[in-house]
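The structure under discussion appears below in the form of structure tokens.
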Amino acid sequence: MPNVPRFHLAFPVTDLAATRAFYVDLLGCRAGRSAPRWLDLDLFGHQLSAHLVDRGPDAMPTNHVDGDDVPIPHFGAILPWADWHALADRLRTAGVAFVIEPHIRFAGRVGEQATMFLLDPSGNALEFKSFQQDSQVFAT
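Structure (structure tokens):
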């Protein structure tokens, strides 16, 4: 990973085994330390901590963005263009049900990006996106 600060995110899950299978086997994360009620994961160089909770997340609100109802909250990663397409292909091949199918958002406009949304086994929303030009990540 380039010399960029990494983030840490702790999030709730309802099944650690299903969480491990989803993040490690499907998304390709590396598993880190764990205990009976939590699991650390390496998500493209960032540290996630999945913490077992006794209930699922509440109903998820959305925000309308460029024609899509984007789930809030959500988290994910910005990937290189080719890696994003490889992940989208791997998820399609695995039969993943997308909340928002892989597509190009803001086509031909400032901030043009490839994006897709899916849920983990505990109902947490994830977005993976990519920009052909890194300068567009924070463009206004």
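Going by the working numbering, the first residue of the sequence shown is number 34, and it counts up by one from there. Note that CB positions come from ideal geometry on N, CA and C, so glycine has one too.
By a C-beta neighbour count over all protein chains shown, 10 Å radius and 16 as the cutoff for buried, is residue i buried or exposed?
i, result
"Ser168", "exposed"
"Gly78", "exposed"
"Met34", "The predicted model places Met34 with a pLDDT of 48, which falls under 50 and marks its position as unreliable; any figure quoted below should be read in that light. With fewer than 16 Cβ atoms within 10 Å of its Cβ, Met34 is classed as exposed."
"Ala158", "buried"
"Thr126", "exposed"
"Pro38", "exposed"
"Phe40", "exposed"
"Ile133", "buried"
"Asp5", "The structure shown does not extend to residue 5, since the chain spans only 34 to 173, so no value can be given for it."
"Pro106", "exposed"
What are the boundary residues of the beta strand (DSSP E) that includes residue i?
i, result
"Arg66", "63–68"
"Leu112", "No beta strand (DSSP E) contains Leu112, which DSSP labels as neither H nor E."
"Pro45", "41–46"
"Thr95", "95–98"
"Ser82", "79–85"
By Cβ distance below 8 angstroms, which residues in the same chain neighbour residue i in space, the five residues on each side in sequence not counted?
i, result
"Val143", "Gln169, Ala172, Thr173"
"His84", "Ala43, Phe44, Pro45, Val46, Arg70, Trp71"
Just reading off the alpha helix (DSSP H) that residue i is part of, what are its end residues?
i, result
"Leu207", "In the structure as shown, the chain begins at 34 and stops at 173. Residue 207 is therefore absent and cannot be evaluated."
Check the Cβ-Cβ distances between residue i and every residue of chain D, and say whether any is below 8 angstroms.
i, result
"Leu74", "In the structure shown, chain D does not exist; there is a single protein chain."
Report all residues from its chain with a CB closer than 6 angstroms to the CB of residue i; omit the five preceding and five following residues, and keep chain order.
i, result
"Ser155", "Val46, Thr47"
"Leu81", "Leu42, Leu74"
Measure the beta-carbon distance from residue i to residue j and round it to whole angstroms, keeping in mind my assumption that it falls under 8 angstroms.
i, j, result
"Ser163", "Trp117", "3 angstroms"
"Gly109", "Phe161", "5 angstroms"
"Leu124", "Leu112", "That pair is no contact at about 12 angstroms."
Below 7 angstroms CB to CB, which residues in the same chain sit around residue i once its five sequence neighbours on both sides are set aside?
i, result
"Arg53", "Ala64, Leu72"
"Asp75", "Cys62, Arg63, Gly65"
"Pro104", "Met93, Thr95, Val132, Phe150, Ala158"
Self-check item: Contained alpha helix (DSSP H) runs [length at least 4] in the segment 126–158, N- to C-terminal order
Solution: As for any alpha helix (DSSP H) of minimum length 4 sitting wholly inside the segment 126–158, there is none.
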